[in-house]
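Colleague: To start, I am sharing the structure in question, which I have written as C-alpha cells.
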Amino acid sequence: LVGASFSKRSGMVDWNASTYMMREHIVSELWASLNLTGYFSVNTQTMAASDGTYRANYGANLSLPWQIGSVWYSHEQLSSGKFLDIYESKGNTWGASFSLPSFGLPSAGNLSLMRQEDDLYRYKRYQLDYSQGLYAGRYGTARLRVGMSRNKYDGYYEEKDRYVMPDLAIPLANTVSVGVSHNRDTGTALNVSASRQFEGDYLKSATANVSKAFNSRQDRSVSGGGSVNFDTPWNSNILSVQSGMSKGWNSTLTSDGSVGWSKEAIAAGKGTESAGVIVSTGLKSDEALTLKLNGRAERIKGDKTWLSLPAYQAYDLEVMNSETGTE
Numbered sequence: 001l002v003g004a005s006f007s008k009r010s011g012m013v014d015w016n017a018s019t020y021m022m023r024e025h026i027v028s029e030l031w032a033s034l035n036l037t038g039y040f041s042v043n044t045q046t047m048a049a050s051d052g053t054y055r056a057n058y059g060a061n062l063s064l065p066w067q068i069g070s071v072w073y074s075h076e077q078l079s080s081g082k083f084l085d086i087y088e089s090k091g092n093t094w095g096a097s098f099s100l101p102s103f104g105l106p107s108a109g110n111l112s113l114m115r116q117e118d119d120l121y122r123y124k125r126y127q128l129d130y131s132q133g134l135y136a137g138r139y140g141t142a143r144l145r146v147g148m149s150r151n152k153y154d155g156y157y158e159e160k161d162r163y164v165m166p167d168l169a170i171p172l173a174n175t176v177s178v179g180v181s182h183n184r185d186t187g188t189a190l191n192v193s194a195s196r197q198f199e200g201d202y203l204k205s206a207t208a209n210v211s212k213a214f215n216s217r218q219d220r221s222v223s224g225g226g227s228v229n230f231d232t233p234w235n236s237n238i239l240s241v242q243s244g245m246s247k248g249w250n251s252t253l254t255s256d257g258s259v260g261w262s263k264e265a266i267a268a269g270k271g272t273e274s275a276g277v278i279v280s281t282g283l284k285s286d287e288a289l290t291l292k293l294n295g296r297a298e299r300i301k302g303d304k305t306w307l308s309l310p311a312y313q314a315y316d317l318e319v320m321n322s323e324t325g326t327e
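The sequence shown lines up with residues 1 to 327 when you count with the UniProt record's numbering.
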C-alpha cells in the first residue's frame, strides 16, 4: 500500500484528501467539514476506486444550546466493485443525544436515540440507550449501559432486544488495565491493555491491547493490536496494527511534519503550524544544543532546525548548551 495524503484545517473548513495504490487499483478518499456556525456543521466523506467501488456519506450535526446535547443526520451509500469487497448499503440515520446533568439532574448520565434505515436491504432499526457512570477513581472506572432496540425487516420478520451492559476497568499498575465489557454483538469480553512512555529522542510511547469475547457472534473470539509513537528529527509518527472480531487486520502509519524555507535555507521538522523559525546552528552529526521555546526545553541536532510555530504570535527563543550529548 503506497499513497499520499493532504489536509488543511482552518476555523471554518477542514478537509483531508488521500490517494493510494492497493495492488493494481487506485483508491481516492476525501473528507471535508464545513462549520457554518458554532452550533451547526455539515460534512462529507467519499471514496472511489478504479474497480468501480464507491462510497458517499453526507451528514449534518447540530449542537444544542447550553451543552444539553446534539442532533445529527447522515446519508450513506456504498457499492462494491470487482476487487474491493465492502458491505453495500443505501440509507439514512437520524439520532440525538442528551446530557441529562444539563437538565438539572447532576447525578444522571447520557441518553441517546437513533433511527436507522436501509433501502437496499429494506430494514429499519430503532435504538434507545442510556449510559451512566457509576464510579471513577484510583481503583478504576465502572459504567452501566441499558437500552432497547427494535429491528424491522420489511416483509420478513421483526426482532426486539433489551440489554444491560456493565463496563469495568481496573488498573493493576501504572501501565496495565484489566476490564470487562458487554455489548450486543460480542457478548461479554475480557479486555487487557498496557501502555508505556519513553524518555528517548526517538521512541516516545507504546501501547498494546487484547480482548477475549465470550458467546460472540463474530468470526473471531480474540482481537487485539498495538501502536508505537516515534519521532525523527523531521517528523512525528504513529504506527498502529489492529485486528477485529471479523476476519482480517489493518495497519496504519501516520506521519506529521512540515517544511520551512527562506532565502538562506530550507529545513524540515516536526509540527504542522502555518509559520515557524529556521535555527541555523552549524552542528555536526554528533553534536546537540538545548533550545528553550517559551520556557519549554527541547534538544536540537543538525546543521539547521525548523521549528513549526503558530502565526502572528510572540515567541521567546533561547539556545543553550545541551545537558546531554556533545555540545
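For glycine and all other residues, C-beta sits at the position ideal for the given N, C-alpha and C.
Taking only the alpha-carbon atoms, compute the straight-line gap between S102 and A96 and give it to the nearest angstrom.
Modeller: Each residue's alpha carbon lies about 15 Å from the other.
Colleague: Just how far apart, CA to CA, sit S280 and M320?
Modeller: Computed Cα separation, rounded: 13 Å.
Colleague: Please report how far the alpha carbon of E24 lies from the alpha carbon of H182, in whole angstroms.
Modeller: About 40 Å.
Colleague: Comparing C-alpha positions only, which one of A314, R296, L289 sits nearest to G302?
Modeller: Closest option to G302, Cα to Cα, is L289.
Colleague: Can you tell me which of the three DSSP states W249 falls into?
Modeller: Three-state result, W249: strand.
Colleague: With a threshold of 16 other CB atoms inside 10 Å of the CB of F6, please say whether the residue is buried or exposed.
Modeller: F6 comes out exposed.
Colleague: Rounded C-beta distance between A275 and P310? I'm assuming under 8 Å.
Modeller: With 8 Å as the limit, A275 and P310 qualify as a contact, their Cβ atoms being about 7 Å apart.
Colleague: When you compare each of S50, W15, E76 to S28 by their alpha carbons, which one comes out closest?
Modeller: The candidate whose alpha carbon is nearest that of S28 is S50.
Colleague: Can you give the Cα-Cα distance for E327 and K284, rounded to whole angstroms?
Modeller: For E327, the predicted structure reports a pLDDT of 44, less than 50, and the residue's modelled location is therefore unreliable. The matter cannot be settled from this model.
Colleague: Indicate whether the contact test is met: 3 or more Cβ pairs, each with one atom in the segment 195–205 and one in the segment 160–173, closer than 8 Å.
Modeller: They do not touch, by the three-pair rule.
Colleague: Would you grab the beta carbon distance between T305 and G282 for me? Rounded to a whole angstrom, and I think it's under 8 Å.
Modeller: No, T305 and G282 are not in contact; Cβ-Cβ is about 11 Å, not under 8 Å.
Colleague: Whose C-beta lies closer than 7 Å to the C-beta of L239 among residues of the same chain, with five residues either side of it excluded?
Modeller: These residues qualify, in order along the chain: S227, V228, L253.
Colleague: What is the rounded straight-line gap between the Cα of G59 and the Cα of S89?
Modeller: The alpha-carbon atoms of G59 and S89 are separated by roughly 16 Å.
Colleague: Alpha carbon to alpha carbon, how far is S308 from G52?
Modeller: For S308 and G52, the distance between alpha carbons rounds to 40 Å.
Colleague: Check whether the Cβ atoms of R143 and Q132 lie closer than 8 Å to each other.
Modeller: Cβ atoms of R143 and Q132: closer than 8 Å.
Colleague: Whose C-beta lies closer than 6 Å to the C-beta of V277 among residues of the same chain, with five residues either side of it excluded?
Modeller: Taken in chain order, the residues that qualify are L307.
Colleague: Can the beta-carbon of A194 be found less than 8 Å from the beta-carbon of V222?
Modeller: Not in contact: A194 and V222 (Cβ atoms no closer than 8 Å).
Colleague: Threshold first: 3 residues or longer. Then list the beta strand (DSSP E) segments lying entirely within the segment 221–276, N to C.
Modeller: DSSP runs (the beta strand (DSSP E)) wholly in the segment 221–276: 222–231, 236–243, 249–256, 258–261, 266–269.
Colleague: Between the alpha carbons of Y39 and L62, how many angstroms are there, rounded?
Modeller: Roughly 6 Å between the two C-alpha positions.
Colleague: Would you kindly work out how many angstroms separate the C-alpha atoms of D85 and G147, rounded to a whole number?
Modeller: Rounded to the nearest angstrom, the two C-alpha atoms are 32 Å apart.
Colleague: Measuring alpha carbon to alpha carbon, tell me which of W15, K152, R145, T44 ends up nearest N57.
Modeller: Out of W15, K152, R145, T44, T44 has the C-alpha closest to the C-alpha of N57.
Colleague: Could you have a look at L100 and say whether DSSP puts it in helix, strand or coil?
Modeller: Note: L100 maps to helix in three-state DSSP.
Colleague: Nearest-angstrom Cα distance between V259 and P171?
Modeller: Each residue's Cα considered, the two are about 41 Å apart.
Colleague: Cβ atoms of G91 and D119: under 8 Å apart, would you say?
Modeller: Cβ distance < 8 Å, so D119 and G91 count as in contact.
Colleague: Using three-state DSSP, classify P106 as helix, strand or coil.
Modeller: It is coil, neither helix nor strand.
Colleague: So which of Y157, G137, N209, L64 has the shortest CA-CA distance to A189?
Modeller: Looking at the Cα atoms, N209 is the closest of the given residues.
Colleague: Which partner residues does P166 have in the DSSP bridge list?
Modeller: DSSP output for P166 lists L144 as bridge partner(s).
Colleague: Are Q116 and T93 touching if we call contact CB-CB under 8 Å?
Modeller: Yes, the Cβ-Cβ distance between Q116 and T93 is below 8 Å.
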